[in-house]
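Chemist: Structure below; questions to follow.
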Amino acid sequence: MHHSHSTDDSYGRGAHFHHGPFGKDGIRGPFGMPGHPGFGGFGGMRARRGDIRSAILRLLAESPMHGYQMIQELSARSGGAWSPSPGSVYPALQMLADEGLVSAEETAGKKVFSLTEAGLAEVAKTADQPAPWEDAAQDDSGFGDYRQSAGKLLHVVFQIGKNGTTEQRTAALEILNDARKKLYTILAED
Numbered sequence: 003m004h005h006s007h008s009t010d011d012s013y014g015r016g017a018h019f020h021h022g023p024f025g026k027d028g029i030r031g032p033f034g035m036p037g038h039p040g041f042g043g044f045g046g047m048r049a050r051r052g053d054i055r056s057a058i059l060r061l062l063a064e065s066p067m068h069g070y071q072m073i074q075e076l077s078a079r080s081g082g083a084w085s086p087s088p089g090s091v092y093p094a095l096q097m098l099a100d101e102g103l104v105s106a107e108e109t110a111g112k113k114v115f116s117l118t119e120a121g122l123a124e125v126a127k128t129a130d131q132p133a134p135w136e137d138a139a140q141d142d143s144g145f146g147d148y149r150q151s152a153g154k155l156l157h158v159v160f161q162i163g164k165n166g167t168t169e170q171r172t173a174a175l176e177i178l179n180d181a182r183k184k185l186y187t188i189l190a191e192d
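Residue 3 is where the sequence shown starts when you use this note's numbering, and the numbers rise one by one after that.
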């Protein structure tokens, strides 16, 4: 039986594959760009329970923001160690709104959130504690640089797999096998 494949962009799209492993977009993963398989979620470390709530309140104490601005700001302030997902930010914003701590106003097609009086009082209770993004930056221990370098490596590996000649793929495979052995040697050291 012959199977016909659609030529539209939805064919082959799954959790990680877009038009097959080396197809149109390559493989997607957590390092923030196409070209490599996933090893977890986008954006690095996971926050402790309550951190997102506290972080949102602290950011809004400085100025009103929309959700995407908060995600960008938290990533920047933590040096890339913490980039919360929309799936954690937007439910937290809804919860804070339900508690009467934040309010939202539609501005230029975006919901801009700001603190209410009750929200300002809540922030004042924790003003002497470090901001959650400071903890995230300290807890990262250089993993952000490691993650970024691994992402760049995987990106070029898949570019060679997708666009390279047979000779280039063979040379890359040799380098990868050697690197893998060296990395296992590091793990084996005491």
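Each residue gets a CB set at the ideal place from its N, CA and C atoms; glycine is no exception. As the structure is a computational prediction, the values presented were derived from the model and not from experiment.
Out of GLY153, GLY82, ILE58 and HIS157, which one is the CA nearest neighbour of GLN96?
Modeler: On the sequence shown, residue 96 is found 94 positions in, with the first residue counted as 1. If we check each option's Cα against that of GLN96, ILE58 comes out closest.
Chemist: Suppose you measure from the CA of GLY163 to the CA of GLU119; what does that come to, to the nearest Å?
Modeler: Here residue 163 refers to the residue found at position 161 of the sequence shown. Here residue 119 refers to the residue found at position 117 of the sequence shown. Using only the alpha carbons, I get a separation of about 56 Å.
Chemist: Could you check which residue in PRO134, LEU156, GLN74 and PRO66 has the C-alpha nearest to that of GLY121?
Modeler: The residue given as residue 121 occupies position 119 in the sequence shown. Taking only the C-alpha atoms, the option nearest GLY121 is PRO66.
Chemist: Give the single residue among LYS184, LEU175 and PHE115 whose Cα lies nearest to the Cα of GLN71.
Modeler: Position 69 of the sequence shown, counted from the first residue, corresponds to residue 71. Nearest of LYS184, LEU175 and PHE115 to GLN71, Cα basis: PHE115.
Chemist: For the beta strand (DSSP E) holding THR109, just list the boundary residues, first then last.
Modeler: As a position in the sequence shown, residue 109 is number 107, starting the count at 1. Its beta strand (DSSP E) spans residues 104-109.
Chemist: Which class does SER80 belong to by DSSP, given the choice of helix, strand or coil?
Modeler: As a first step, residue 80 is located in the sequence shown; it is residue number 78 there, counting from the start. The answer is coil: DSSP assigns SER80 none of H, G, I, E or B.
Chemist: Buried or exposed, going by whether 16 or more other CB atoms sit within 10 Å of the CB of VAL158?
Modeler: Here the question's residue 158 lines up with position 156 in the sequence shown. Label assigned to VAL158: exposed.
Chemist: Given ARG171, which residues of its chain have a CB within under 7 Å of its CB, disregarding the five upstream and five downstream residues?
Modeler: Along the sequence shown, read from residue 1 onward, the residue named residue 171 stands at position 169. Result list for ARG171: ILE162 and GLY163, in chain order.
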